[in-house]
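Q:
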Amino acid sequence: MKIGVVTFPGSLDDRDAQRAARLAGAEAVALWHADPDLHGVDAVVLPGGFSYGDYLRAGAIARFSPVMQTLVDAAKGGLPVLGICNGFQVLCESHLLPGALTRNAALRFVNRDQRLRVANRRTAWTADLAEEITIPVKNGEGSYVADERTLDALEAEGRVVAYYEGGNPNGSLRDIAGIANAAGNVVGIMPHPEHAVEDLTGPGTDGLAFFTSVLGVRA
Amino acid sequence: MSTLEANDPVEHALGQTAVDTVERAAASADQAQPYAELGLKDDEYARIREVLGRRPTQTELAMYSIMWSEHCSYKSSKVHLRQFADLPRSERLLVGMGENAGVVDVGEGLAVTFKVESHNHPSYVEPYQGAATGIGGIVRDILTMGARPVLVMDPLRFGDADHPDTARVLPGIVAGVGGYGNCLGLPNIGGEVVFDPSYQGNPLVNALCLGVLKKDRIQLSAARGVGNAVVLLGAKTGRDGIGGVSVLASATFDEGGPAKRPSVQVGDPFTEKLLIESCLEMFDADLIAGIQDLGGAGLTCALTETAAAGRSGMLAHLDRVPLREASMEPHEVLASESQERMLAIVEPRHLDAVLAIARKWGVIATAIGEVVEGDRLTVTWHGETVVDVPPASLADEGPVYDRPMARPADLDALRSAEPPAYPQVDEDLLLRMVASPNLCSRRWVVEQYDRIVLGGTVLAWPEDAGVVRLSEATGLGIALATDGNGRYTRLDPYAGAQLALAEACRNVAATGAVPVAVTNCLNFGSPEDPEVMWQFAEATRGLAEGCAAMGIPVTGGNVSFYNQTADVAINPTPVIGVLGLLDDVARRTPMGFQGAGETLLLLGQTRDELGGSEWAWAEHRHLGGLPPAVDLVREKLLGEVLVSGSRDGMLSSAHDLSDGGLAQALVESALARGIGARVVLPEGLSAFVQLFSESAGRALVTVPRSEELRFTEMCDARGLPCVRLGVTDGTGLEVQDVLDLPLDRLREAHEGTLPALFGPLAGATASAPAGPALTAPAADAGASQPDLG
Numbered sequence: 005m006k007i008g009v010v011t012f013p014g015s016l017d018d019r020d021a022q023r024a025a026r027l028a029g030a031e032a033v034a035l036w037h038a039d040p041d042l043h044g045v046d047a048v049v050l051p052g053g054f055s056y057g058d059y060l061r062a063g064a065i066a067r068f069s070p071v072m073q074t075l076v077d078a079a080k081g082g083l084p085v086l087g088i089c090n091g092f093q094v095l096c097e098s099h100l101l102p103g104a105l106t107r108n109a110a111l112r113f114v115n116r117d118q119r120l121r122v123a124n125r126r127t128a129w130t131a132d133l134a135e136e137i138t139i140p141v142k143n144g145e146g147s148y149v150a151d152e153r154t155l156d157a158l159e160a161e162g163r164v165v166a167y168y169e170g171g172n173p174n175g176s177l178r179d180i181a182g183i184a185n186a187a188g189n190v191v192g193i194m195p196h197p198e199h200a201v202e203d204l205t206g207p208g209t210d211g212l213a214f215f216t217s218v219l220g221v222r223a
Numbered sequence: 118m119s120t121l122e123a124n125d126p127v128e129h130a131l132g133q134t135a136v137d138t139v140e141r142a143a144a145s146a147d148q149a150q151p152y153a154e155l156g157l158k159d160d161e162y163a164r165i166r167e168v169l170g171r172r173p174t175q176t177e178l179a180m181y182s183i184m185w186s187e188h189c190s191y192k193s194s195k196v197h198l199r200q201f202a203d204l205p206r207s208e209r210l211l212v213g214m215g216e217n218a219g220v221v222d223v224g225e226g227l228a229v230t231f232k233v234e235s236h237n238h239p240s241y242v243e244p245y246q247g248a249a250t251g252i253g254g255i256v257r258d259i260l261t262m263g264a265r266p267v268l269v270m271d272p273l274r275f276g277d278a279d280h281p282d283t284a285r286v287l288p289g290i291v292a293g294v295g296g297y298g299n300c301l302g303l304p305n306i307g308g309e310v311v312f313d314p315s316y317q318g319n320p321l322v323n324a325l326c327l328g329v330l331k332k333d334r335i336q337l338s339a340a341r342g343v344g345n346a347v348v349l350l351g352a353k354t355g356r357d358g359i360g361g362v363s364v365l366a367s368a369t370f371d372e373g374g375p376a377k378r379p380s381v382q383v384g385d386p387f388t389e390k391l392l393i394e395s396c397l398e399m400f401d402a403d404l405i406a407g408i409q410d411l412g413g414a415g416l417t418c419a420l421t422e423t424a425a426a427g428r429s430g431m432l433a434h435l436d437r438v439p440l441r442e443a444s445m446e447p448h449e450v451l452a453s454e455s456q457e458r459m460l461a462i463v464e465p466r467h468l469d470a471v472l473a474i475a476r477k478w479g480v481i482a483t484a485i486g487e488v489v490e491g492d493r494l495t496v497t498w499h500g501e502t503v504v505d506v507p508p509a510s511l512a513d514e515g516p517v518y519d520r521p522m523a524r525p526a527d528l529d530a531l532r533s534a535e536p537p538a539y540p541q542v543d544e545d546l547l548l549r550m551v552a553s554p555n556l557c558s559r560r561w562v563v564e565q566y567d568r569i570v571l572g573g574t575v576l577a578w579p580e581d582a583g584v585v586r587l588s589e590a591t592g593l594g595i596a597l598a599t600d601g602n603g604r605y606t607r608l609d610p611y612a613g614a615q616l617a618l619a620e621a622c623r624n625v626a627a628t629g630a631v632p633v634a635v636t637n638c639l640n641f642g643s644p645e646d647p648e649v650m651w652q653f654a655e656a657t658r659g660l661a662e663g664c665a666a667m668g669i670p671v672t673g674g675n676v677s678f679y680n681q682t683a684d685v686a687i688n689p690t691p692v693i694g695v696l697g698l699l700d701d702v703a704r705r706t707p708m709g710f711q712g713a714g715e716t717l718l719l720l721g722q723t724r725d726e727l728g729g730s731e732w733a734w735a736e737h738r739h740l741g742g743l744p745p746a747v748d749l750v751r752e753k754l755l756g757e758v759l760v761s762g763s764r765d766g767m768l769s770s771a772h773d774l775s776d777g778g779l780a781q782a783l784v785e786s787a788l789a790r791g792i793g794a795r796v797v798l799p800e801g802l803s804a805f806v807q808l809f810s811e812s813a814g815r816a817l818v819t820v821p822r823s824e825e826l827r828f829t830e831m832c833d834a835r836g837l838p839c840v841r842l843g844v845t846d847g848t849g850l851e852v853q854d855v856l857d858l859p860l861d862r863l864r865e866a867h868e869g870t871l872p873a874l875f876g877p878l879a880g881a882t883a884s885a886p887a888g889p890a891l892t893a894p895a896a897d898a899g900a901s902q903p904d905l906g
């Protein structure tokens with residue numbers, strides 16, 4: 005199983021996503037934004053960071069990179085894609101997921117360990133998750149917004165994969181921390197599962213389940 | 118345009134637009150030059166004329182004024198800093214003082230380089246950009262050594278917590294540190310936040326960065342090899358930051374002076390991130406013969422220092438520098454402190470490869486000159502020679518002053534001031550102390566920093582020291598702490614510097630790491646004030662002798678003078694950073710109690726030492742007496758015991774005792790994981806002294822009952838005092854016959870202070886409208902009590 009991790013100019017958590025993929029038992033493959041070839045990977049992670057400096061809008065420029073042109077088609081064809089933080093923003097800008105991420109309600113960057121209530125364990129990336137997990141959140145523009153109809157639809161269709169518990173760190177509507185597309189192969193999550201894969205460096209290892217989940221999909 | 122010119126002393130002083138060439142200068146020896154307005158003294162100007170054998174061109178004059186400024190030349194501090202170079206060499210030290218940052222061998226073929234620098238004045242003028250570019254500058258210093266930057270820390274000092282100007286500068290500075298560091302993907306693993314009125318109008322923004330490299334791949338700054346290309350990498354050059362070092366960093370703020378905002382640089386962390394990745398790729402491919410970052414003094418500094426270090430000649434075509442504004446003049450191009458730029462020396466055969474890597478990362482790269490025969494730096498501007506100087510005369514041979522010194526006239530009065538009467542300890546005193554600005558939780562600040570990116574952070578705030586894993590294979594890692602106490606140093610600069618060193622070593626040792634190297638940022642008032650100069654001399658002497666006693670070298674550092682508004686200097690504030698090594702970060706000792714039923718031990722000797730203490734300040738605004746006694750032999754012994762305890766797996770937790778004494782340590786260790794303690798204070802000193810004295814050389818540790826005997830016997834055998842204080846237990850802190858408080862109340866007090874001053878924590882505002890703008894926190898926020906859930 006090969007998990008590709010895309011590096012855009014300004015990606016920051018790309019090596020952490022690669023480490024998480026390796027710890028889950030996958031082979032991590034570095035993908036470059038300017039290279040449209042997905043190099044035969046079985047799943048793709050769009051990592052956290054500030055792609056293109058978050059200029060214009062977070063994720064707005066990355067969406068037009070060569071790799072995304074290929075990836076959008078592959079995702080529509082069923083390739084599992086996980087967007088973490090900035091990756092979630094890229095997925096929304098690419099219209100693979102509905103809604104948008106805006107400036108945190110407190111207008112400040114926030115980094116803390118965050119409890120999440122997992123609401124959907126049927127996606128490619130969430131099958132192995134516990135009902136409640138703790139993983140770090142760290143973002144400046146993590147407030148999930150969408151119109152009421154979209155929010156209602158997401159909840160009605162069970163496409164919200166996780167909710168913030170014990171305090172909403174960024175003002176996301178309805179405490180939404182992550183969502184999936186209708187097919188369940190594309191997931192965007194604002195907190196960082198790749199930073200909860202070792203007891204030594206994270207609040208625990210709850211995040212590893214995102215990466216083992218996708219192994220199950222193609223195993 | 119006119120605003121800029123009016124505020125730009127170079128422009129203002131030179132006041133002319135025709136380019137002044139070397140030829141013209143030679144022909145008009147008697148032309149009056151505005152050297153005094155540029156900060157040069159009569160004899161300094163005379164020396165420039167002597168060096169050149171003619172009057173300098175206006176561009177040369179600007180270069181000398183910058184390079185001979187206090188900030189670049191260290192002219193007032195040099196005679197004192199020599200003590201650090203005289204310290205016994207450590208075999209771990211691969212590169213010592215003099216290069217951009219020292220390099221320390223950490224084993225396994227790896228080395229680390231680290232350094233702390235100040236960006237105080239820019240951060241006062243423009244808090245966000247000043248702090249942001251402070252991070253950017255120190256990161257480039259580390260990159261220059263060939264290292265991948267892997268972490269930052271930021272010791273910050275502000276005026277009184279409730280002063281209106283603190284509300285102006287603190288949110289911006291914190292956001293700037295976070296904004297730049299977060300966007301670079303560097304974890305911020307700790308630092309300091311200190312409030313004291315002496316920093317009102319002169320906040321201290323120090324920034325530390327550490328990088329990792331293969332020990333055989335150190336990059337140096339020397340430009341060598343005739344014919345090698347001089348390549349400018351990174352951002353275009355603009356008018357920002359002109360005069361940053363000479364205007365901002367080397368002069369005192371005066372009331373009613375001209376606005377200095379145009380002298381502050383503007384940062385772009387995205388460009389810096391690309392610059393880092395492209396440079397690292399060039400280093401890996403062994404394409405770079407020499408490299409230097411552009412920071413203070415911009416191209417002037419980079420060209421002269423690389424040429425001087427290589428004892429080479431250099432020719433630079435200044436008109437090839439990519440500009441943001443086409444109308445810039447040569448002296449502006451040379452003085453610009455535009456951020457995110459590096460200067461690389463590249464062999465011609467590697468030039469195409471370097472340009473290709475730059476292109477891959479979207480970094481602008483321009484060959485602007487070459488290394489040439491001889492020993493002159495020549496700069497041309499559209500075919501005319503505007504600079505022709507011996508580079509060493511700028512970089513290395515600046516003026517050196519042994520400035521007059523005088524013991525502060527008020528020192529005896531301060532030291533003999535009547536101390537406040539000691540109180541009875543009760544719950545209210547402890548609650549007030551843990552909520553006081555210097556002892557309260559820093560969560561409001563630290564949550565704005567990414568502390569975990571890169572996946573190596575093992576310990577970060579609120580731990581005593583940050584711990585970062587360098588090798589996933591072996592667990593090899595480093596610990597880092599920074600400390601400084603301006604009140605102690607005000608009362609006794611010699612002891613104060615040693616206390617800061619001792620505390621930083623203790624913090625590092627508390628995690629189980631062995632202290633191996635020191636960096637420092639020496640923040641002082643004006644060196645032209647003999648009393649400040651005396652403080653500086655005493656502090657450097659204390660630090661040098663302290664390092665000798667502890668057996669660890671100083672690898673480099675930074676001096677920041679002129680930290681004063683009008684004639685009131687800050688408390689002298691040497692900030693000391695200590696690097697420690699851990700052979701395996703998995704054995705690190707955290708500061709929080711880990712479980713109930715463990716034995717609580719106090720290591721070290723407690724004395725009646727409350728001079729300069731946090732209690733005296735927080736409760737009485739009193740600063741007087743003498744700081745705690747320093748015993749570096751004892752300090753070293755404590756460190757050895759803490760490291761042994763970690764190596765042998767005896768310690769569950771360890772927390773150094775410093776500001777706020779034992780009481781503060783108990784509260785912090787209990788709150789870390791919500792595990793309380795029952796304490797019985799030993800006979801002897803009063804409960805107040807035992808709980809709030811700040812005697813040095815102490816730590817609070819917990820050991821499992823099964824290890825208690827083995828650990829206490831080790832302490833006895835080594836002669837380290839070790840007193841049993843009680844056990845960890847429950848959800849409260851009980852000190853028998855003194856106080857009993859639930860942890861929830863302590864937490865509420867400890868964590869409520871900064872949100873009340875600067876706005877609620879994220880998530881505490883879920884139902885409230887969006888918070889106030891960063892630079893204007895609500896003045897009435899004190900009324901709201903955050904829900905910390």
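Chains as they are written, first to last, in the working numbering: chain A, 5 to 223; chain B, 118 to 906.
Ideal Cβ placement from N, Cα and C applies to all residues, glycine included.
Cα-Cα, which of Ala834/B, Ser770/B, Phe828/B, Arg724/B is closest to Glu800/B?
A: With distances taken between Cα atoms, Glu800/B lies closest to Arg724/B.
Q: Quick check: is the beta carbon of Val114/A nearer than 8 Å to any beta carbon in chain B?
A: True, the Cβ-Cβ gap to chain B drops below 8 Å.
Q: Counting C-beta neighbours from all protein chains within 10 Å, is the total for Arg586/B 16 or more, i.e. buried, or is it exposed?
A: So Arg586/B ends up on the buried side.
Q: From the DSSP output, in three-state form, read off Ala143/B for me.
A: Ala143/B falls in the helix class under three-state DSSP.
Q: Use the C-beta contact count for Gly63/A: other C-beta atoms within 10 angstroms, 16 or more gives buried, fewer gives exposed.
A: Buried: at least 16 other Cβ atoms inside 10 Å.
Q: I need the boundaries of the beta strand (DSSP E) containing Leu350/B, first residue and last residue.
A: 346 to 351 is the extent of the beta strand (DSSP E) around Leu350/B.
Q: If you measure between the beta carbons of Tyr167/A and Ala123/A, is that distance less than 8 Å?
A: The answer is yes: Cβ separation under 8 Å.
Q: Looking at chain B, is there any beta carbon in it that lies within less than 8 Å of the beta carbon of Phe54/A?
A: Yes, Phe54/A lies at the interface with chain B (some Cβ there is under 8 Å from its Cβ).
Q: Do the CB positions of Ser235/B and Val322/B come within less than 8 Å of each other?
A: Yes, they are a contact pair.
Q: Relative to the C-alpha of Gly351/B, which residue among Ala340/B, Thr174/B, Phe387/B is closest?
A: Comparing Cα-Cα distances from Gly351/B to each of Ala340/B, Thr174/B, Phe387/B, the minimum goes to Phe387/B.
Q: The ligand GDP and Glu800/B: does any heavy atom of the ligand fall closer than 7 Å to the residue's C-beta?
A: Ligands displayed in this structure: none; no statement on the ligand GDP is therefore possible.
Q: Could you round the C-beta distance between Leu460/B and Leu531/B to whole angstroms and report it? I think they count as a contact, below 8 Å.
A: 47 Å between Cβ atoms; not a contact.
Q: Taking 7 Å as the limit between beta carbons, can you name the residues of its chain near Leu155/A, skipping five residues before and five after?
A: Excluding sequence neighbours, Leu155/A sits near Leu177, Arg178.
Q: Quick one: complete beta strand (DSSP E) runs, 3+ long, within the segment 12 to 63 of chain A?
A: Listed in chain order, they are 31 to 36, 47 to 50.
Q: Got a sec, what are the start and stop residues for the beta strand (DSSP E) Ala538/B sits in?
A: It is not in any beta strand (DSSP E) - Ala538/B carries neither H nor E in the DSSP assignment.
Q: Note down the Cα distance separating Glu464/B from Ile405/B, rounded to an integer number of angstroms.
A: Each residue's alpha carbon lies about 7 Å from the other.
Q: Evaluate contact between the segment 688 to 705 of chain B and the segment 329 to 341 of chain B, counting only Cβ atoms and requiring at least three cross-stretch pairs below 8 Å.
A: No contact exists between the segment 688 to 705 of chain B and the segment 329 to 341 of chain B.
Q: Buried or exposed: which applies to Tyr59/A, given that a residue is buried once 16 or more other Cβ atoms fall within 10 Å of its Cβ?
A: By the neighbour-count rule (16 or more Cβ atoms within 10 Å), Tyr59/A is not buried but exposed.
Q: Once DSSP output is grouped into helix, strand and coil, what is the label at Ala181/A?
A: In this structure, Ala181/A counts as strand in the three-state DSSP scheme.
Q: Taking three-plus beta-carbon pairs below 8 Å as touching, is the segment 705 to 714 of chain B in contact with the segment 779 to 795 of chain B?
A: Judged by Cβ distances under 8 Å, the segment 705 to 714 of chain B makes contact with the segment 779 to 795 of chain B, as three or more pairs qualify.
Q: Output needed in chain order: residues of the segment 79 to 111 of chain A with a Cβ under 7 Å from some Cβ in chain B.
A: Answer set for the segment 79 to 111 of chain A: Asn108, Ala109, Ala110, Leu111.
Q: Classify Trp498/B as helix, strand or coil using the three-state DSSP reduction.
A: Reduced to three states, the DSSP call for Trp498/B is strand.
Q: Output yes if chain B places a C-beta closer than 8 Å to the C-beta of Pro40/A; else output no.
A: It does not: the Cβ of Pro40/A has no partner Cβ on chain B nearer than 8 Å.
Q: Using a Cβ-Cβ distance under 8 Å, would Gly57/A count as near chain B?
A: By this cut-off, Gly57/A is an interface position.
Q: Give me whichever residues DSSP pairs with Cys839/B in a beta bridge.
A: Leu720/B.
Q: Could one say the Cβ of Asp861/B lies closer than 8 Å to chain A's Cβ atoms, at least one of them?
A: False, the Cβ-Cβ gap to chain A never drops below 8 Å.
Q: Going along chain A in order, which residues have a C-beta closer than 7 Å to the C-beta of Val575/B?
A: Ordered by position in chain A, the residues that pass the 7 Å Cβ test against Val575/B are Leu204, Thr205.
Q: Which same chain residues, not among the five before or five after Leu27/A, have their C-beta less than 8 Å away from its C-beta?
A: Within the same chain, Leu27/A has close Cβ partners Val201, Glu202, Leu212, Phe215.
Q: In chain order, which continuous runs of the alpha helix (DSSP H) of length 4 or greater are located wholly inside the segment 456 to 507 of chain B?
A: Listed in chain order, the complete alpha helix (DSSP H) runs (minimum 4 residues) inside the segment 456 to 507 of chain B are 468 to 477.
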